[in-house]
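Structure first, commentary second.
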Amino acid sequence: MSYSIPTGDRKYTYAEYMAMEEVSTDRHDFYHGEIFAMAGGTKNHNNIILNMGVSLKAIKKSGCDVFIDGMKLEIEKDQFYVYPDLIYTCHDDLKGNDLFVKNPSIIFEVISDSTALYDKEVKLKYYKRIELLKYYVLVAQKEVMVEVYSRISNTQIWKYQTFETINEIIEFEDLDFILPLAIIYDGIEFGAV
750 MSYSIPTGDR
760 KYTYAEYMAM
770 EEVSTDRHDF
780 YHGEIFAMAG
790 GTKNHNNIIL
800 NMGVSLKAIK
810 KSGCDVFIDG
820 MKLEIEKDQF
830 YVYPDLIYTC
840 HDDLKGNDLF
850 VKNPSIIFEV
860 ISDSTALYDK
870 EVKLKYYKRI
880 ELLKYYVLVA
890 QKEVMVEVYS
900 RISNTQIWKY
910 QTFETINEII
920 EFEDLDFILP
930 LAIIYDGIEF
940 GAV
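Take the sequence shown: its letters are residues 750 to 942, numbered as in the working numbering.
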């Protein structure tokens, strides 16, 4: 969920964006001088992120890390920054940098009616350009439905899969772990969205 901050013809610099982020209580995406405030999520949105984050934190490999909801992702230096719902990274790009991730291994987004188009088209287009990204996972919050884009090793070719039953398991082969949909949707009430 996002909305643009009215700026007229004014474009913000990356430095202005970062200065605003330091004092703001809200999160903002930044795209080529435009700033977009991110709205809060639903109960299901938060619980799905928590379910995935706790599970991934428990099984993460040495040298990897999990960030929930509050870590920026740099897509294009000084030009494009977003806050994915969850990032799993096995790269050391955070050494000396506690502001953003550059090389995620997996990006998770919990989609809503207001973010579906942005997550499935705009973000997908840019996320696929991240050289070390292996998986992009879109999780529905109104029904059991997970979409996974998987990069075929050492290529720019992506495979698309959908998972629509609670007993299915997502295999992250390149990272050697699994994530059952039963864990993702544990305690989720679909009438609560």
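For every residue, glycine included, the Cβ atom is placed at its ideal position computed from N, Cα and C. These numbers come from a predicted model, not from an experiment.
Original post:
Within this structure, are the beta carbons of Ile-937 and Ser-804 separated by less than 8 Å?
Top reply: Contact flag unset, no.
Subject >> Local Cβ density within 10 Å of Ile-879, reported as buried at 16 or more and exposed below that >> reply: Classified as buried, Ile-879 has 16 or more neighbouring CB atoms from the shown chains inside 10 Å of its CB.
Original post:
Are any of the Cβ atoms in chain D nearer than 8 Å to that of Ser-863?
Top reply: Included in the structure is just one protein chain, with no chain D present.
Original post:
Would the beta-carbon of Tyr-832 fall within 8 Å of that of Asp-818?
Top reply: yes
Original post:
Across which residues does DSSP place Gln-910 in a beta bridge pair?
Top reply: Val-897
Subject >> Pair within 8 Å by beta-carbon distance, Val-888 and Val-850 >> reply: no
Original post:
What are the boundary residues of the beta strand (DSSP E) that includes Glu-825?
Top reply: 821-825
Subject >> C-alpha distance - Lys-869 paired with Lys-883, whole-angstrom precision >> reply: 16 Å
Original post:
With respect to the beta strand (DSSP E) encompassing Val-815, which residues constitute its N-terminal and C-terminal limits?
Top reply: If you look at Val-815, you'll find it in the beta strand (DSSP E) that goes 814-817.
Subject >> Short Cβ contact (8 Å threshold) for Tyr-898 with Ile-824 >> reply: no
Original post:
Does the distance from the C-beta atom of Tyr-830 to that of Cys-813 stay below 8 Å?
Top reply: No, the pair does not count as a contact, with Cβ atoms beyond the cut-off.
Subject >> DSSP-derived helix/strand/coil call for Ile-879 >> reply: coil
Subject >> Same chain only: Cβ atoms within 6 Å of Asp-935, ignoring 5 sequence neighbours per side >> reply: Asn-800
Original post:
Can you tell me where the alpha helix (DSSP H) with Tyr-766 in it begins and where it stops?
Top reply: For Tyr-766, the uninterrupted alpha helix (DSSP H) run begins and ends at 763-772, by DSSP.
Original post:
Relative to the alpha-carbon of Glu-783, which residue among Asn-796, Met-769, Gly-790 and Lys-792 has its alpha-carbon at the smallest distance?
Top reply: Of Asn-796, Met-769, Gly-790 and Lys-792, the residue nearest in Cα terms is Met-769.
Original post:
Just reading off the beta strand (DSSP E) that Ile-855 is part of, what are its end residues?
Top reply: 855-860
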